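Residue numbers (the working numbering): 3 to 134.
Below is one structure, written out as structure tokens, with a few remarks after it.
Right, here's the structure in full:
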């Protein structure tokens, strides 16, 4: 009987442990990305930006990020990648600073899209400018 109780206690203790979320590996994601397009929202804005505009998103392999506006640091913190079934199974989403909210992202070569502009969402598109 003591063994049964001990087994139950150990099972409960192990199930109460917090599981660490491991981000799926996304080759090519890390580096510096320069914003080229931001569109969407309920107002339906559409802004394009030329090369060299200084709106940079830097994603680092240690799951930290830095955002720059006109080449000046404006925000930094952590990000996490998680699986998403939206817009299709196998998609991935990114969340910043421990938020439960995550935006789907699409990475194709040197192009990164974060978010989607339908349903009043905001979509931001970047071009990779550096691998570090």
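For every residue, glycine included, the Cβ atom is placed at its ideal position computed from N, Cα and C.
These figures come from a predicted structure and were not determined experimentally.
Return the CA-CA distance between residue 114 and residue 91, expressed in angstroms with no decimal places. Approximately 19 Å between the Cα atoms of the pair.
Three-state secondary structure (DSSP) of residue 31: DSSP places residue 31 in coil when its eight states are reduced to three.
Rounded C-beta distance between residue 33 and residue 132? I'm assuming under 8 Å. 5 Å between Cβ atoms; contact.
Own chain residues within Cβ distance below 6 Å of residue 116, not counting five before or after: Excluding positions up to five away in sequence, the list reads 105, 107 and 126.
Simplified DSSP assignment, three categories, for residue 116: Here residue 116 sits in strand by DSSP.
Are the CB atoms of residue 56 and residue 71 nearer to each other than 8 Å? Using a Cβ distance threshold of 8 Å, residue 56 and residue 71 count as a contacting pair.
Please list, in chain order, all residues of the same chain as residue 60 whose beta carbon is under 8 Å from its beta carbon, the five residues on each side excluded. Non-local beta-carbon contacts of residue 60 in its own chain, meaning distances under 8 Å to residues more than five positions away in sequence, involve 33, 34, 35, 67, 68, 69 and 70 in chain order.
Looking at residue 87 and residue 93, is the spacing between their C-beta atoms short of 8 Å? The answer is yes: Cβ separation under 8 Å.
At the level of alpha carbons, what is the spacing between residue 63 and residue 28? When rounded, the distance between both Cα atoms is 10 Å.
Whole-angstrom distance between residue 123 and residue 44, CA atom to CA atom: Distance from the CA atom of residue 44 to the CA atom of residue 123, rounded to whole angstroms, is 8 Å.
I'd like to confirm the pairing. Which residues does DSSP put opposite residue 55 in its beta bridges? According to DSSP, residue 55 bridges with nothing at all.
With which residues is residue 77 paired in a DSSP beta bridge? DSSP lists 69 as partners of residue 77.
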